[in-house]
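Please read the structure below before turning to the comments.
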């Protein structure tokens with residue numbers, strides 16, 4: 001019945017360019033993933049900022065989507081920057097994972113554009129994960145607008161257990 | 001550095017008479033406590049409902065605490081009922097723990113009167129726990145007034161990681 005058998009678990013960790021998410025990943029590796037016998041899958045989930053769009057009222061008074069409010073050049077630059085951020089974050093996570101070389105977990109990466117709370121909840125449901133792990137101090141440089149709401153939202157909406165890992169004050173980056 | 005060494009962890013689980021908290025305890029035993037080498041302490045934290053009090057305006061127009069709004073007999077009955085609930089919940093938790101007989105965790109119990117969210121956060125801080133685990137469906141028969149706010153509040157206020165365990169729909173008790 002309630003035996004300590006290793007199970008195949010899928011654990012999603014929301015990662016971004018902030019230290020809090022790396023701390024959450026580290027905490028998860030130390031306390032959750034360390035537990036089982038290499039049957040776990042760690043899903044690193046990164047939400048790219050959505051492209052800025054604008055709306056306007058058309059001739060008939062209907063609100064229409066005008067598309068990008070920036071020039072193609074600026075969009076291309078932002079895309080490049082966003083892709084660099086993905087690389088940067090995943091590289092950071094990879095370095096952290098290397099420290100846990102005795103853990104033999106499978107690692108999957110998922111990168112989607114959108115509000116982190118939607119991306120995370122959607123990925124959690126789509127991949128049918130057993131647990132979502134989130135850091136609680138902000139949500140990265142370009143997603144400050146969503147600060148605070150991500151962990152709350154996911155705790156409410158996700159169908160699986162949600163672990164909110166707060167950075168101890170001593171390790172918080174200065175703001 | 002980041003090795004898989006067993007650490008002494010203290011994990012607080014909020015328990016009450018609802019099924020959600022027992023599911024959270026079970027999930028914790030299966031996924032968190034199973035991991036380490038018998039160096040964990042499980043703290044079962046139960047919040048007794050506070051005694052009802054009333055306030056009134058005194059002769060000078062000041063608001064004063066009138067004490068209990070119920071007769072001593074009713075208070076005694078309520079106290080008895082509350083104590084029986086504590087026994088009931090702790091017995092339920094004990095039965096669940098027995099199913100995990102191969103886990104050798106130390107078990108501590110903490111019972112305090114008050115709003116569950118305050119009791120849990122206070123106990124977590126006082127005992128300097130490494131993690132708080134909470135069920136998310138309601139908070140027991142006598143604490144319906146606090147429903148929904150407990151896990152949110154603790155996720156915001158507790159200084160340690162907070163795990164919110166939602167009961168799968170298939171196992172939810174009918175409402």
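Protein chains in written order, with the UniProt record's numbering: chain B, 1 to 175; chain H, 1 to 175. Glycine is no exception: its CB is placed at the ideal position from the N, C-alpha and C atoms.
Query, Result
"CB of residue 110 of chain B within 8 Å of CB of residue 45 of chain B, strictly", "yes"
"CB-CB length for residue 151 of chain H against residue 155 of chain B, believed under 8 Å", "7 Å"
"Residue 103 of chain B (DSSP reduced to helix, strand or coil)", "coil"
"Residue span of the alpha helix (DSSP H) that contains residue 34 of chain H, given as start and end", "No alpha helix (DSSP H) contains residue 34 of chain H, which DSSP labels as neither H nor E."
"Reference residue 96 of chain B, options B:163, B:72, B:164, B:42, closest by Cα", "B:42"
"Nearest candidate by alpha-carbon position, reference residue 26 of chain B, set B:99, B:90, B:51", "B:99"
"Proximal chain B residues relative to residue 152 of chain H, where beta-carbon distance stays under 9 Å", "152, 155, 156"
"The alpha helix (DSSP H) enclosing residue 154 of chain H, as first and last residue numbers", "149–157"
"Proximity to residue 81 of chain B [Cα-Cα], best of B:51, B:92, B:28, B:14", "B:51"
"Proximal chain H residues relative to residue 161 of chain B, where beta-carbon distance stays under 7 Å", "27, 163, 164, 165, 166"
"Proximal residues to residue 34 of chain H (C-beta, below 7 Å), its chain only, five neighbours per side dropped", "103"
"Residue nearest to residue 118 of chain H in terms of C-alpha spacing, selected from H:19, H:49, H:165, H:17", "H:49"
"Local conformation of residue 112 of chain H per DSSP, three classes", "strand"
"Test item: CB-CB of residue 132 of chain H and residue 158 of chain H under 8 Å", "yes"
"Environment of residue 76 of chain H [buried if 16+ CB atoms lie within 10 Å]", "exposed"
"Inter-residue spacing [alpha-carbon to alpha-carbon] between residue 13 of chain H and residue 126 of chain B", "29 Å"
"Closest by C-alpha distance to residue 163 of chain H, when choosing among B:18, B:24, B:40", "B:24"
"Where the beta strand (DSSP E) through residue 160 of chain B begins and ends", "Taken as a continuous stretch (DSSP letters only), residue 160 of chain B belongs to no beta strand (DSSP E), as it is neither H nor E."
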